[in-house]
Amino acid sequence: MARKADKRDLRDVFHEKKRNAVVLSSLATIHTLCRQVMERQYSARHLHSRLHQTFLKMSADGVDVNASLGPRNLAKFTGFLDGFYDVLKRHAKLHGNIVRRALHHRMFSLQLCSIHHQLSTFLRQVGAVDGFPVEWKSGFESALRQDENVLYDTAMTVLKASSFLSKEYTSLGKKQQMEVLMEIRYELARPVHLSPVLEDVLKAIYRKLTRLFGWDLTERLRRLPRWFLPLSSIEFSTSRDQLVKHKPIYRGEIAVEDDYGLKRHMIVMKCLPVDAGQNHIDKMLRAYHEFMERYGDVDHPNLLRMRGANFVSQTAYIVRDYAVRGTVTGYLSRVKQEHPEEGLEELTLRFLIQACEGLIYLHEHKRLAHGNLKTSNLLIDHRARVVIADYGIRFLRERFRVEARLSELEEARWMAPECLQSNRNVQTSSQSLTAAIARDIYSLGMCIVEILSGDVPWAGTDAMQVAELKRSHSYVLPRITSVPGKIWSVVKKMCATDPATRLPLRDVLAELKNLDPHDLLHDPNAEEAPHSTKAVVSDSDTDSLASYKTTLDVFEGSIVNEGAKQAKPEEVPAKKGTEKGTEEPVSTSNTEFDAYSSGTDGSFDEDEGDCKEIPIAIHTNTQIQNAIDYVKHAPLDDANTLIRHMEVIRAFARAEANAIHDREGIWVIQNLLSQFNNRQVQNVAMKIYTEMAAAEQVNIAEAMVEHGVIETIFETLKNPESDRTEVTACVSLLLQLMGLSDQATRAVGAKESYVSILEGNDHVHHRSLQEIKSVLARFKQTEGNALLKEGFHVIAIKKLTEAIQLDKKRGIYYADRSLAYCHAGRFHEAAQDAERCVRYSPFDVQGYLRYGIAMKHQKRYTDALVALKKGRQVNPNSTQIQVMIDEVKKCMQKK
1 MARKADKRDL RDVFHEKKRN AVVLSSLATI HTLCRQVMER QYSARHLHSR
51 LHQTFLKMSA DGVDVNASLG PRNLAKFTGF LDGFYDVLKR HAKLHGNIVR
101 RALHHRMFSL QLCSIHHQLS TFLRQVGAVD GFPVEWKSGF ESALRQDENV
151 LYDTAMTVLK ASSFLSKEYT SLGKKQQMEV LMEIRYELAR PVHLSPVLED
201 VLKAIYRKLT RLFGWDLTER LRRLPRWFLP LSSIEFSTSR DQLVKHKPIY
251 RGEIAVEDDY GLKRHMIVMK CLPVDAGQNH IDKMLRAYHE FMERYGDVDH
301 PNLLRMRGAN FVSQTAYIVR DYAVRGTVTG YLSRVKQEHP EEGLEELTLR
351 FLIQACEGLI YLHEHKRLAH GNLKTSNLLI DHRARVVIAD YGIRFLRERF
401 RVEARLSELE EARWMAPECL QSNRNVQTSS QSLTAAIARD IYSLGMCIVE
451 ILSGDVPWAG TDAMQVAELK RSHSYVLPRI TSVPGKIWSV VKKMCATDPA
501 TRLPLRDVLA ELKNLDPHDL LHDPNAEEAP HSTKAVVSDS DTDSLASYKT
551 TLDVFEGSIV NEGAKQAKPE EVPAKKGTEK GTEEPVSTSN TEFDAYSSGT
601 DGSFDEDEGD CKEIPIAIHT NTQIQNAIDY VKHAPLDDAN TLIRHMEVIR
651 AFARAEANAI HDREGIWVIQ NLLSQFNNRQ VQNVAMKIYT EMAAAEQVNI
701 AEAMVEHGVI ETIFETLKNP ESDRTEVTAC VSLLLQLMGL SDQATRAVGA
751 KESYVSILEG NDHVHHRSLQ EIKSVLARFK QTEGNALLKE GFHVIAIKKL
801 TEAIQLDKKR GIYYADRSLA YCHAGRFHEA AQDAERCVRY SPFDVQGYLR
851 YGIAMKHQKR YTDALVALKK GRQVNPNSTQ IQVMIDEVKK CMQKK
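Quick note, the sequence shown lines up with residues 1 to 895 if you use full-length UniProt numbering.
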């Protein structure tokens with residue numbers, strides 16, 4: 001036994017030295033790269049020195065990093081090295097071009113600053129602050145100043161030379177010259193992280209280039225468009241691989257700046273191919289400016305946000321947010337596969353309502369039409385909401401008369417017949433807005449058909465035949481049997497042949513809200529339709545986007561990849577007989593994007609080093625991994641052994657919550673609970689979740705919500721056999737999750753039945769119930785006020801009403817709803833809410849103010865003045881009260 005123990009000790013020492021040698025080798029490689037980044041050496045060496053000192057301190061006196069700080073912590077540290085290596089490699093490629101080096105200097109500094117912040121957070125998390133190089137800001141700022149001085153001296157020397165970049169820049173065309181000048185202006189427009197020295201360098205380069213080009217950017221642009229987004233600000237995972245084959249769609253990241261450096265945001269870049277003969281700068285500027293002014297500031301929970309555009313790049317493009325969960329049809333399909341026993345009627349109806357609300361906002365508030373609505377443009381975001389994408393793209397295509405590709409003939413399945421009968425595309429100009437809105441309504445009806453039937457419209461019929469059929473003036477939409485009768489009556493009105501008789505979207509929304517989820521169930525008595533919807537369209541002809549499961553980790557900025565895992569692209573894999581979509585690695589995020597994803601990771605980074613294999617070696621053969629592996633494949637007839645392994649997980653749950661999450665421990669336990677109906681197993685699972693929640697990490701709480709822990713809690717609560725101890729544990733866990741994550745609060749508030757379950761359980765303490773209802777009410781109040789600021793008065797009233805139903809004696813909720821009623825022009829109801837606010841909160845001046853506003857708009861000036869004067873007695877210093885009193889007096893004088 002002693003000899004075996006000695007052998008194990010020798011193996012541990014060997015593996016420890018091997019791991020340390022690999023990390024030291026990575027540090028040496030990074031040090032070599034630091035010398036290649038030209039005018040950034042001081043700040044790069046400063047970060048390298050801090051990382052090196054941290055590692056030496058962690059492994060001092062022969063102490064194994066794995067044993068002292070845990071395998072996950074070493075994985076995070078090597079992740080910092082990977083991120084630093086990628087930053088250096090990217091900027092080392094700029095060697096020889098002083099303009100590019102100056103343009104990227106600010107971004108390089110922010111990336112290093114972000115890694116510093118991540119390292120500080122890491123040291124605080126592991127409790128290893130004493131003796132570690134924690135203070136770094138003063139040294140980093142000093143190094144940055146040295147780098148900027150070197151850059152300034154180099155730039156001034158190069159600018160004085162007569163041959164300054166003459167070969168490279170004098171041969172550029174007008175468009176390329178304009179792109180360079182606009183990138184410089186883009187950097188100069190960011191004064192927050194731009195030092196005076198760097199600003200002087202960029203201005204000097206700009207002046208030199210304008211003299212070299214013989215013209216100034218101000219001759220064409222008085223100011224840089226606020227929506228301009230240069231290609232240099234977009235980072236692609238590897239090369240610019242396409243998301244969808246034969247279509248100019250790419251995925252990448254943009255960096256959003258804040259006081260702590262950079263935070264990455266996943267985006268999709270869509271290129272618009274333009275014929276060379278029409279590639280005129282002024283024309284493109286006007287077209288993109290008009291497009292972004294009309295569509296760029298759209299802000300609604302159910303519309304995918306646009307981030308920017310670029311019309312001077314080699315290929316013009318627009319940038320929008322990336323919907324991580326793919327298309328609505330793909331998402332519903334994955335949920336159905338994961339939970340085949342549960343109906344999707346309620347979720348489907350919610351998605352249809354959200355799509356309708358987003359389109360209503362686009363039509364009514366922005367006076368715009370989508371122009372190309374189909375289910376591949378109905379996506380699901382990280383909050384499991386429907387978001388409409390790619391609105392207005394057809395507007396740009398028409399401006400440049402881009403001819404449709406053959407694959408775009410598939411759009412005829414969703415197009416209104418008048419689009420094909422008139423032999424022209426959907427127009428989105430103000431002159432034909434009414435007609436364009438009618439076409440959007442038809443397309444939404446076709447989307448509803450596809451969502452409910454699971455097949456594209458006219459499946460089994462060639463797209464060319466569909467187009468010819470719709471061109472016929474005798475065209476009538478056939479009955480589709482897979483769409484239930486009640487919803488079919490709505491779809492039939494939406495897809496009427498005469499555009500003038502189509503059901504308005506407001507009426508569509510009302511009809512959908514009046515439907516019961518069970519109305520979406522298939523009607524077995526429906527007659528067979530003449531046109532089948534059984535076939536599925538070829539994947540190569542769709543723009544479907546779907547996300548795949550990946551466990552990733554990011555610390556507020558630079559990528560920290562804990563292994564060789566990469567996510568698959570948005571594009572759904574092509575079926576047999578179709579062309580396969582190309583793949584591109586997905587940039588990382590600190591949450592698990594999709595609980596209903598499928599497939600294995602299959603992409604690789606170009607610049608991956610050997611050190612990325614370290615976390616894989618460390619994480620294997622641990623107690624946690626062995627326990628999770630057993631639970632994952634546990635026989636259902638051996639509960640005692642199963643519980644023993646689950647107790648091992650519980651013992652590590654708080655300290656190693658992230659390791660359990662990384663090894664899909666939450667998903668494994670949830671999958672076990674769905675198959676194994678055992679109260680002891682369920683109790684241990686709840687203890688594991690409680691310990692993990694006690695780690696107080698937001699990403700852990702959100703992962704638990706994503707994997708359905710909230711649903712599991714309420715399944716236990718509504719079980720009449722659950723005793724007081726089990727109920728108390730569930731309620732305690734629920735409060736922990738709601739305190740950590742808004743996503744948990746949103747999940748609890750999304751179903752009215754959850755509150756009813758809590759109220760109907762005698763074991764739930766009344767104080768805990770009141771606390772849960774108070775948290776929900778405050779959350780709904782926050783949502784309502786945010787919607788009110790954005791102009792969504794009706795939705796805001798609905799949210800605030802839900803808050804009042806949860807807590808009926810909070811005066812501030814009535815005051816906020818009174819304000820929402822005022823904005824909606826419902827002044828009588830606003831006055832009633834103001835009175836309730838005064839009744840429950842007599843010392844809150846908001847109630848008197850809201851009542852005065854409501855009375856003023858009803859021209860009851862005397863009542864308004866009385867209420868406002870009472871409010872002034874409550875708070876004599878309220879300027880709002882005094883301003884409103886003055887306004888009421890002026891109105892009384894005019895009367």
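Beta carbons: idealized from backbone N, C-alpha and C, even for Gly.
Being a predicted model, the structure only gives us computed values, none of them experimental.
Cβ-based neighbour list, phenylalanine 140, same chain, cut-off 8 Å, excluding 5 preceding and 5 following: Ser43, His46, Leu47, Leu112, Cys113, His116
Proximal residues to leucine 477 (C-beta, below 6 Å), its chain only, five neighbours per side dropped: Cys495
Beta strand (DSSP E) segment containing glycine 308, residue limits: 306 to 310
Under 7 Å between C-beta atoms of isoleucine 281 and arginine 307: no
Residue nearest to arginine 663 in terms of C-alpha spacing, selected from Ala703, Ala316, Glu691, Thr348: Ala703
Terminal residues of the alpha helix (DSSP H) in which residue 898 lies: The chain is shown from 1 up to 895; residue 898 falls before or after that span and cannot be answered.
N- and C-terminal bounds of the alpha helix (DSSP H) containing aspartate 816: 811 to 823
Touch test, the region 827 to 847 against the region 381 to 396, Cβ-Cβ under 8 Å, three pairs minimum: no
Identity of the residues DSSP links to aspartate 321 by a beta bridge: Ile267
As assigned by DSSP and simplified to three states, the class of valine 23: helix
Inter-residue CB distance, glutamine 770 and leucine 800 (contact presumed, cutoff 8 Å): Not a contact, Cβ separation roughly 19 Å.
Contact under 7 Å by Cβ, serine 482 with serine 443: no
Member of Tyr851, Glu829, Val335, Gly871 whose CA lies at the smallest distance from the CA of aspartate 844: Gly871
7 Å CB neighbourhood of leucine 520 in its chain, flanking five on each side removed: Glu345, Thr348, Leu349, Leu452, Pro484, Ile487
Residue of Val158, Val386, Gln41, Met178 minimising C-alpha distance to asparagine 97: Val158
In DSSP terms, what isoleucine 441 is bridged to: Answer by DSSP bridge pairing: none, since isoleucine 441 is not bridged.
Range covered by the alpha helix (DSSP H) that runs through residue 966: Residue 966 lies beyond the range of the chain shown here (1 to 895); nothing can be said about it.
Run of the beta strand (DSSP E) containing isoleucine 388, from where it starts to where it stops: 386 to 388
Histidine 104, DSSP secondary structure in three states: helix
Backbone secondary structure at histidine 763 - three-state DSSP: coil
Backbone secondary structure at leucine 344 - three-state DSSP: coil
Beta-carbon proximity list for histidine 246, same chain, < 6 Å, skipping 5 on both sides: Confidence in histidine 246 is poor, its pLDDT being 45 and thus under 50, which makes the residue's placement unreliable; the coordinate value appears in the next sentence. No residues qualify anywhere along the chain.
Alpha helix (DSSP H) segments (min. 4 residues) lying fully within the region 711 to 750: 724 to 740, 742 to 749
Minimum C-alpha distance to serine 376 - residue among Tyr331, His365, Ile353: Tyr331
Cβ neighbours of tyrosine 322 in the same chain (closer than 7 Å, five flanking residues each side left out): Arg251, Met266, Ile267, Val268
Sufficient close CB pairs (3 or more, under 8 Å) joining the region 284 to 301 to the region 223 to 237: yes
Residues bridged to isoleucine 380 (per DSSP): Val386
Coarse secondary structure for phenylalanine 843, derived from DSSP in three states: coil
Cut-off 8 Å between Cβ atoms - residues of its own chain near valine 794, not counting five sequence neighbours on either side: Ala824
Residue from Leu304, Phe311, Lys270 whose Cα sits closest to the Cα of glutamate 290: Phe311
Beta-carbon proximity of leucine 420 to arginine 471, cut-off 7 Å: yes
Residues near tyrosine 152 by beta carbon distance below 6 Å, same chain, minus five either side: Val197, Val201
Residue burial classification, aspartate 147 (beta-carbon count within 10 angstroms, cutoff 16): buried
Span separating the alpha-carbon of residue 896 from that of alanine 864: Coverage of the chain is limited to positions 1 through 895, which leaves residue 896 absent and any answer about it impossible.
Nearest to asparagine 20 (by Cα), restricted to the options Val508, His52, Arg644: His52
Simplified DSSP assignment, three categories, for leucine 221: coil
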